[in-house]
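Engineer: Heads up: the sequence shown runs through residues 537 to 1091, numbered per the numbering used here.
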Amino acid sequence: MTDQADATDAPGGTAGPDLATAWRGLVAAALLGTDRSGGQPVVLPAPAATTAGAAGLRLDDGGPASLLAAAALLDVARSAGRRPAAGDAEPVPPARPDTAPVARTSPATVVRLLAGPAEQLEEWLELVRDRGLLVPHDALPGLLRVAAARPGLRHLVRQVVGERGVWLVGFDPQLASLATAWRTRGTPPESDAAGDGEGRAVPAPTVSAVPPGGNHAGGTPTGSTQAGADDVWRFGDHAARVAWLSAARRRDPAGSRELLAAELRSLPVDQRAALLGVLAAGLGDADEPLLERCLDDRAGPVRRAAALLLCRLPRSAHADRARARARAHVRLDAQPGQAVLVVELPEPPFDAAALRDGLVEPVAGRAAGARGDRAERLHQVVAAAPLDTWVPALAPSVEELLRLPVADDRAPLLHAGWAAATVREHDGAWATTLLRAAPGLASRLVPQLPPTLRARAAVVLLRGSVPERDAALAVLRDWPRPWPADLVDAVVGAVRRTPADAGWVERTRAGQLAALLGSRADPLTTALDPGDDRALQHAAATLADRRQTFEETHA
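As structure tokens, then:
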């Protein structure tokens, strides 16, 4: 059956409508209601009317049952009742054969994974990939639809659908975006060739100087780039240029820096800031002159991007200025019997030198949040200073520095600024010590700890006070699977310690901890006895589902 009136007659000798017209009539009658439409008999294309008669369907009374029966029949016809076009059709070439075995995950498990949490689906796809398998063939249609809707999954899905999956994508117009992404992606993101962020591969460069026709800001170029640089750097869009320069930076830091310096001033503001950020990979003292020049750029985003990178160069002139600025507001007052840290809040506004170095004037009453404008200025000053500003200048060690009392209850301001600097410098010793003094900063500090200390810190937080358990929850949300056994035990203990008559906030926290436990603990080694705790029962059910997935995913 086609959408045209290729059917001959409807029952009663009248010409039947085409499929599209019949469907629109049904929709109109349903919207109007059978009572208001006058109970007119449903008229179908002749083949559909013949099928209805053979099935014993009564469509002549115009009632609700007739309308629904006709809708069901036409829905099937619209999906599968089309006649092929006249003429000789070209045969469809088959998919290229796959060599990898197919996982024997059951259809029921596949349906659960496709309809369930994204984290469990991603875990299964990673498991299939890591075991050298492909997803079952009957999972391909649903999985491809999911991948089309979730760009973050596309690369992973491509690795497990094989040639059959790629072949199948070409037959569904709804998967056009997926087909384009796979067709234009040159190599995976993990390889040396870079992508432009939208699936297009860019040449893998080897840079020795500036592109043809470019002039280095500091003198005459010493060489030339390869043809790929000429093509991508001069004619590529912004995303392709960022991706190409990122790859160039990994291979030739000095050459890529010269390439950037040659054209930076001629680019739009947003491109200047983004391309400057490429220098973060392999950042070193040799990058300081370019970054220092960028502090005089007219555009604020460019100045801030340069300042953020200069903060990571402890031997730079920018770092020296940041140290001097911070020490002007935080000093040690050696009072009789007890030394005290005295914190002076900066007076508004920031001077021109501070603004040039990347500090930002707070927006009155809004940007500073609960801290207040002057406190926000102090936070920026302390956060911008290298950690070696404080030790050993104010105390012999980080531990002794944090034991010093802070006048006027301004310790939280100092701790927040130090935490920001700790995150920037990825300093595990500072993170460990700050965590003891300010557990509320755990979500920022724990990721900076050495791997052997992270689980221990989270366990300590889970066994602590209510604010510490809240901090632990923030940390665990980003904790990758599988969790170590001692962390699993600590989470179970924290959930069990929640009183039966606890308030909504505590019950919610316990439920969130249990949900994370179910999705992050190792399903093959974790034996969880939930007892009568409802949150742990849900966690145990999730673990059982994941265990089934692991056990079924084999060749």
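We put the beta carbon where it would ideally sit given N, CA and C, even for glycine.
1. According to DSSP, simplified to helix, strand and coil, what is residue 916?
2. To which residues of the same chain is residue 637 closer than 8 Å at the C-beta, ignoring the five residues directly before and after it?
3. Using the Cα positions of residue 756 and residue 920, report the straight-line distance between them to the nearest angstrom.
4. How would you label residue 1001, buried or exposed, when you count the other beta carbons within 10 angstroms and need 16 or more for buried?
5. Can you confirm whether residue 554, when its beta carbon is compared against all beta carbons of chain D, has any partner nearer than 7 Å?
6. Let me know if residue 886 comes out buried or exposed under the rule of 16 or more other beta-carbons within 10 Å of its beta-carbon.
7. Closer than 6 Å by C-beta to residue 642: which residues in its own chain qualify, once you throw out the five before and the five after it? Chain order, please.
8. If distances are taken between C-alpha atoms only, which option among 715, 710, 692 comes closest to residue 703?
9. In or out: residue 823 buried (at least 16 other Cβ within 10 Å) or exposed?
10. For the beta strand (DSSP E) containing residue 870, name the first residue and the last one.
11. Classify residue 1081 as buried or exposed, calling it buried when 16 or more other Cβ atoms lie within 10 Å of its own Cβ.
12. Considering only DSSP beta bridges, list what residue 874 is partnered with.
13. Between residue 494 and residue 1054, is the Cβ-Cβ spacing less than 7 Å?
14. So, helix, strand or coil for residue 879, using DSSP?
15. When burial is assigned at 16 or more other CB atoms within 10 Å of the CB, is residue 915 buried or exposed?
16. Using the three-state DSSP reduction, which class does residue 553 fall into: helix, strand or coil?
17. How close, in whole Å, do the beta carbons of residue 883 and residue 865 come, if the pair is a contact with beta carbons under 8 Å?
18. Using a Cβ distance threshold of 8 Å, determine whether the segment 672-689 contacts the segment 705-714, with at least three qualifying pairs required.
19. Just to confirm, is the Cβ distance from residue 838 to residue 809 under 7 Å?
20. Can you look up residue 1019 in the DSSP assignment and give me helix, strand or coil?
21. How should residue 688 be labelled, buried or exposed, when 16 other C-beta atoms within 10 angstroms of its C-beta is the threshold for buried?
22. Determine contact between the segment 563-570 and the segment 590-605, defined as no fewer than three beta-carbon pairs at a distance below 8 Å.
23. Can you tell me whether residue 931 is helix, strand or coil according to DSSP?
24. Output the distance between the C-alpha atoms of residue 710 and residue 582, rounded to the nearest integer angstrom.
25. Relative to the C-alpha of residue 786, which candidate in 610, 654, 820, 1019 has its C-alpha closest?
26. Would you report the Cα separation of residue 987 and residue 1066, rounded to the nearest angstrom?
27. For residue 848, which residues of its own chain have a beta-carbon under 7 Å away from its beta-carbon, when the five flanking residues on both sides are left out?
28. Pick out whichever of 555, 596, 701, 640 has its Cα sitting closest to the Cα of residue 612.
29. Among all the DSSP beta bridges, which residues are the ones paired with residue 942?
30. Which stretch, first to last residue, makes up the alpha helix (DSSP H) that contains residue 947?
31. If I'm right that residue 923 touches residue 957 with Cβ under 8 Å, what's the distance once you round it to whole angstroms?
32. For the putative contact between residue 778 and residue 815, defined by C-beta atoms under 8 Å, what is the C-beta separation to the nearest angstrom?
33. Let me confirm a value: residue 1061 is counted as buried when at least 16 other C-beta atoms fall within 10 Å, else exposed. Which label applies?
34. Helix or strand or just coil, what does DSSP make of residue 1057?
35. Can you have a look at residue 780 and say buried or exposed, based on whether 16 or more other CB atoms are within 10 angstroms of its CB?
36. Going residue by residue through the segment 1057-1085, where are the continuous alpha helix (DSSP H) segments of at least 4 residues, counting only ones entirely within it?
Structural biologist: Let me lay it out:
1. It is helical.
2. Excluding positions up to five away in sequence, the list reads 668, 669, 670, 1091.
3. For residue 756, the predicted structure reports a pLDDT of 33, less than 50, and the residue's modelled location is therefore unreliable. The matter cannot be settled from this model.
4. It is exposed - the Cβ of residue 1001 has fewer than 16 other Cβ atoms within 10 Å.
5. Annotation note: the requested chain D is absent from the structure, which comprises a single protein chain.
6. Counting of Cβ neighbours within 10 angstroms places residue 886 among the buried residues, the total reaching 16 or more.
7. When the five nearest sequence neighbours on each side are left out, the beta carbons in the same chain lying within less than 6 Å of the beta carbon of residue 642 are those of 1088, in order along the chain.
8. Relative to the Cα of residue 703, the nearest Cα in the group 715, 710, 692 belongs to 715.
9. Classification for residue 823: buried.
10. Note, residue 870: beta strand (DSSP E), 866-871.
11. Answer is buried; the Cβ neighbour count reaches 16.
12. Checking the DSSP bridge columns, you'll see residue 874 partnered with 871.
13. Nothing in the structure corresponds to residue 494, since the chain is present only between 537 and 1091.
14. The three-state secondary structure of residue 879, taken from DSSP, is strand.
15. Of the residues assessed, residue 915 falls on the buried side of the cut-off, its CB having 16 or more other CB atoms within 10 angstroms.
16. Three-state DSSP puts residue 553 in coil, outside helix and strand.
17. In this structure residue 883 is not in contact with residue 865, their Cβ atoms being roughly 10 Å apart against a cut-off of 8 Å.
18. Because the criterion of three Cβ pairs below 8 Å is met, the segment 672-689 and the segment 705-714 touch.
19. Their beta carbons are under 7 Å apart, which means residue 838 touches residue 809 by this criterion.
20. The answer is strand: DSSP assigns residue 1019 an E or B state.
21. Here residue 688 is exposed. Its C-beta has fewer than 16 other C-beta atoms within 10 Å.
22. Output reads yes: the segment 590-605 touches the segment 563-570.
23. Residue state, collapsed to three classes: coil.
24. Near 31 Å, if we compare the C-alpha coordinates of residue 582 and residue 710.
25. Selected option, being the one with the closest Cα: 820.
26. Distance between the alpha carbons of residue 987 and residue 1066: 29 Å.
27. Apart from sequence neighbours up to five positions away, the residues of its chain that approach residue 848 with a beta-carbon distance below 7 Å are 819, 960, ordered along the chain.
28. Of the listed residues, the one whose Cα sits closest to residue 612 is 555.
29. Answer is 877, bridged to residue 942.
30. For residue 947, the enclosing alpha helix (DSSP H) covers residues 947-961.
31. The C-beta distance from residue 923 to residue 957 rounds to 5 Å, short enough to fall under 8 Å.
32. Not quite, the Cβ-Cβ distance comes to about 12 Å (not below 8 Å), so this is no contact.
33. Under a 10 Å Cβ-count criterion, residue 1061 is classified as exposed, with fewer than 16 other Cβ atoms of the shown protein chains found around its own Cβ.
34. In the structure shown, residue 1057 sits in a strand (DSSP, three-state: E or B).
35. Counting Cβ neighbours within 10 Å, residue 780 comes out buried, since at least 16 surround it.
36. Listed in chain order, the alpha helix (DSSP H) elements of length 4 or more contained wholly in the segment 1057-1085 amount to none.
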